[in-house]
Amino acid sequence: MFKSLKWKLSASFIALVLVSILVLGGYLIEVLERYFIEDLRGQLLTEARLVREMVAPAIDRSDRSTVMVQLAERLSRVTETRVTIIDADGVVLGDSQELASQMDNHLQRPEIQQALTEGIGISERESTTVKTRMMYVALPIEGPTGPKGFVRLALSLTEIHRALSRLWVMVITAFLFSAVLAAVIGLKLAERLTRPIQEMTLAAKRMAEGDFSLRTYTTHQDEVGVLGLALNRMAQQLKETIDEVSMGKSKLESVLASMVSGVIFVSGDGRIDLINPAAKKILGIERNVLVGRPQAEVIRNYDLSTLVSRVLKNREAVHEELLLLSPHEKTVEVNFTPIHGQGEQNLGVVVVLHDITEIRKLERMRADFVANVSHELKTPVTSLKGYAETLLDGALDDPETAREFVKIILNEAERLRLLIHDLLELSKIESKVDPVRMVSFNLSELLKNLAVKFKPQVEEKQVRFALVVPEPPVYALGDPDRIEQVMINLIDNAIKYTPPGGRVEVRVSERENDVLVEVVDTGIGIPEQDLSRIFERFYRVDKARSRKLGGTGLGLAIVKHILEAHNTQIQVESTLGQGSRFYFTLSKGNR
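If you're matching positions, the sequence shown starts at 586 in our numbering and goes up one per residue.
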């Protein structure tokens, strides 16, 4: 609110008025306080001199104790002050308010000491006798050889303080009243001054947004009025100029901006005249101001820049497929077309870029997939053929050998079945033929059932298995059949690659926004260089050992695709020789 000029002016005006009142009020009260104190001192001093004249003749009498008490009381009634008569040794002879015999020696009182040294003693302090702040005036009663005693008059300062308090109340009342009045006047004045500026600010904002129809209307003849007229003229001129420029430019920009292919126009002198967003994205260019810069500085790819220069020089169309390494590796199909003007004028070259990275990637993936599948199928088929031929060549006559070979054939057939099953499952997941059912399910119960299923495998492998599930049951959001498939793959791998005596642990943690699922083992671990590739199809860290344990090389690829369909990612941490930790998160479900 106080960023507004209106409020700044109003606040400054109000602050000026209030500070002036406070300073003036404080100064006035200070002056009045000094005036009252000085007047009180003068009054007490005059009355003290009169009292001294009345007390001096009687201070030498033999019955002075009684006389002084009576005299102090009588003079107190006349002067309306507290009167104290003290001898030269500081002993109180009479006091108008207290018993003199019970009062302390007053010789060391500040006013008495000052009167003794300077002839007049004046002090303001709290009375030790009546416990009230008072003003004291003391005068010595002179004798032939020095003071014979002292008279002291005292008056309470309470009334003065009350009067000053009333003055402060008046000042604060005036302060509050002035604050309200100053606020009203200040806001009115500030609004009058800032209204034209607000109109011009609104007009400037509208112009910045492309609306030049708004005008400012002010009757002021001062600098603000002149500024408003200048702003109106500028808006009209800008509108006319921008309409002319944008009419031709908008068509070209809309076409280029909507293109998927990148387009760059390089002028005849090798400078960038135009580059569309698709080209910036393909080349990894983040800067906006590129027009007029040398093409080699903008493109920053040696092969592409060299081809541009060659086409500018030779004026011949070129078609190339380039590998760009920055900002990340991609394959780009580039067409260079020279532009000729009248005669032999070289206007430049148009460069059209098509990102074919995904196409080439899919081609490589298809080739790799076919090669991997062929290799994986070739091994069990070769084994089946070899053992079958051996049986036909005479091994059937040896029952023991025949039984052993049939068992191997059965194992290879099972391995082939698993491979085909995993291939079909992976194909089904990737093609999204069977969409993921996102429902709330009991994750705790699912894992407990899996722990029962894996019990024979755990006992056979002689590993320790632990399921850490919190109470009450944890519910997650997802496809329970798919999540069960994920957990079967992760737990099966953990058991397979954990040596006897090791430990496999499945943990579930319910967090504020999601559910964390972890499978931790103390197995052989995964080398660091292999961690980024273990989720690829058919990738095995130890191929011989994986085949021996019955792995197809597709389990973790299936896990990855299932979890990606659940909008989450599988993560892995592993130390070679110490074990691995696979973990992922799921959205929380409703109980």
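By construction, the Cβ of each residue, glycine as well, lies at the ideal position given by its N, Cα and C atoms.
Please read all numbers here as calculations on a predicted model, not as lab measurements.
Limits of the alpha helix (DSSP H) - the one that residue i falls within
{"i": "GLN1156", "result": "Per DSSP, GLN1156 belongs to no alpha helix (DSSP H); it is in the beta strand (DSSP E), 1156–1160."}
{"i": "ASP1066", "result": "1065–1081"}
{"i": "ARG1022", "result": "That residue, ARG1022, is in no alpha helix (DSSP H); it is neither H nor E in DSSP."}
{"i": "VAL565", "result": "Not covered by the structure: residue 565. The range shown for the chain is 586 to 1176."}
Cβ neighbours of residue i in the same chain (closer than 6 Å, five flanking residues each side left out)
{"i": "LYS790", "result": "none"}
{"i": "GLY1135", "result": "Low per-residue confidence applies at GLY1135: pLDDT is 49, beneath 50, and the placement is therefore not dependable, though the value from the model is reported in the following sentence. Counting only Cβ-Cβ distances below 6 Å, and skipping sequence neighbours, we find nothing."}
{"i": "ARG1094", "result": "The question names Arg, but residue 1094 is Ser in the sequence shown. Taken in chain order, the residues that qualify are LEU1101."}
{"i": "TYR1168", "result": "GLU1103 and GLN1156"}
{"i": "GLU711", "result": "ARG718"}
{"i": "LYS1046", "result": "ILE1080"}
Secondary structure of residue i, DSSP reduced to three states
{"i": "LEU738", "result": "strand"}
{"i": "LYS1173", "result": "strand"}
{"i": "ILE1179", "result": "The question about residue 1179 has no answer, for the chain in this structure spans 586 to 1176."}
{"i": "GLY675", "result": "coil"}
{"i": "ARG1118", "result": "coil"}
{"i": "ASP828", "result": "helix"}
{"i": "LEU692", "result": "coil"}
{"i": "PRO1041", "result": "helix"}
{"i": "THR1153", "result": "coil"}
{"i": "ASP624", "result": "helix"}
{"i": "ARG1166", "result": "strand"}
{"i": "SER708", "result": "strand"}
{"i": "VAL640", "result": "helix"}
{"i": "LEU774", "result": "helix"}
{"i": "MET840", "result": "Sequence inspection shows Val at residue 840; the Met mentioned does not correspond to that position. It is helical."}
{"i": "ASP1099", "result": "strand"}
{"i": "ASP888", "result": "helix"}
{"i": "GLY1135", "result": "Residue placement at GLY1135 is flagged as unreliable, the pLDDT there being 49, under the threshold of 50; the coordinate-derived value follows with that caveat. Coil."}
{"i": "ALA685", "result": "helix"}
{"i": "GLU1090", "result": "strand"}
{"i": "VAL1104", "result": "strand"}
{"i": "MET586", "result": "For MET586, the predicted structure reports a pLDDT of 49, less than 50, and the residue's modelled location is therefore unreliable. The matter cannot be settled from this model."}
{"i": "ARG872", "result": "coil"}
{"i": "THR669", "result": "strand"}
Rounded Cβ spacing between residue i and residue j (contact assumed at less than 8 Å)
{"i": "LEU740", "j": "ARG637", "result": "With 8 Å as the limit, LEU740 and ARG637 do not qualify as a contact, their Cβ atoms being about 16 Å apart."}
{"i": "LEU897", "j": "GLY855", "result": "6 Å"}
{"i": "VAL937", "j": "VAL851", "result": "The Cβ separation is near 12 Å, so there is no contact."}
{"i": "ASP982", "j": "ARG1022", "result": "With 8 Å as the limit, ASP982 and ARG1022 do not qualify as a contact, their Cβ atoms being about 55 Å apart."}
{"i": "LEU752", "j": "LEU617", "result": "7 Å"}
{"i": "ALA1061", "j": "LEU1028", "result": "4 Å"}
{"i": "THR1153", "j": "LEU1171", "result": "6 Å"}
{"i": "ILE1147", "j": "GLN1070", "result": "6 Å"}
Start and end residues, beta strand (DSSP E) containing residue i
{"i": "GLU1199", "result": "Limits of the chain in this structure are 586 at one end and 1176 at the other, which puts residue 1199 out of reach."}
{"i": "PRO923", "result": "915–925"}
{"i": "GLU727", "result": "718–727"}
{"i": "VAL848", "result": "847–852"}
{"i": "LEU981", "result": "Counting along the chain, LEU981 falls outside any beta strand (DSSP E), and DSSP gives it neither H nor E."}
{"i": "ASN931", "result": "931–940"}
{"i": "ILE857", "result": "857–860"}
{"i": "VAL1053", "result": "1049–1053"}
Same chain, Cβ closer than 8 Å to residue i, neighbours up to 5 away in sequence not counted
{"i": "ILE697", "result": "ILE671, GLY675, HIS691, GLY706, ALA723, PHE735 and ARG737"}
{"i": "ALA842", "result": "ASN861 and PRO862"}
{"i": "GLU1121", "result": "ALA1142"}
{"i": "ILE857", "result": "ILE849, PHE850, VAL851, LEU875, VAL876, GLY877, ARG878, PRO879, GLN880 and VAL883"}
{"i": "PHE1039", "result": "PHE1050, ILE1076, ASP1077 and ILE1080"}
{"i": "ALA973", "result": "ILE994"}
{"i": "PHE760", "result": "LEU603, ILE606, LEU607 and GLY610"}
{"i": "GLU1056", "result": "none"}
Cut-off 7 Å between Cβ atoms - residues of its own chain near residue i, not counting five sequence neighbours on either side
{"i": "VAL677", "result": "THR669, ILE671, ALA685, MET688 and HIS691"}
{"i": "LEU889", "result": "LEU907 and VAL919"}
{"i": "VAL652", "result": "ALA643 and ARG646"}
{"i": "ALA641", "result": "ILE726"}
{"i": "SER846", "result": "ALA863, VAL937, LEU938 and HIS939"}
{"i": "LYS1133", "result": "Reliability of the predicted coordinates at LYS1133 is poor, the pLDDT of 48 falling under 50, and the value obtained from them is presented with this limitation in mind. Answer for LYS1133: no residue qualifies."}
{"i": "SER1025", "result": "TYR1060, LEU1062, GLY1174 and ASN1175"}
Residue-chain proximity (residue i, chain B), Cβ-Cβ < 8 Å
{"i": "GLN880", "result": "The structure shown has no chain B; it contains just one protein chain."}
Determine contact between the region 818–832 and the region 860–877, defined as no fewer than three beta-carbon pairs at a distance below 8 Å. no
Determine contact between the region 618–630 and the region 646–662, defined as no fewer than three beta-carbon pairs at a distance below 8 Å. no
Could you say if the region 1104–1121 and the region 1159–1166 meet the contact criterion of at least three C-beta pairs nearer than 8 Å? yes
Contact between the region 600–614 and the region 750–759: three or more CB pairs below 8 Å? yes
If contact is defined by three or more beta carbon pairs under 8 Å, each pair taking one atom from either stretch, is the region 1084–1098 in contact with the region 1141–1150? no
Across the region 910–919 and the region 818–826, are there enough close Cβ pairs to call them in contact, namely three or more that are closer than 8 Å? no
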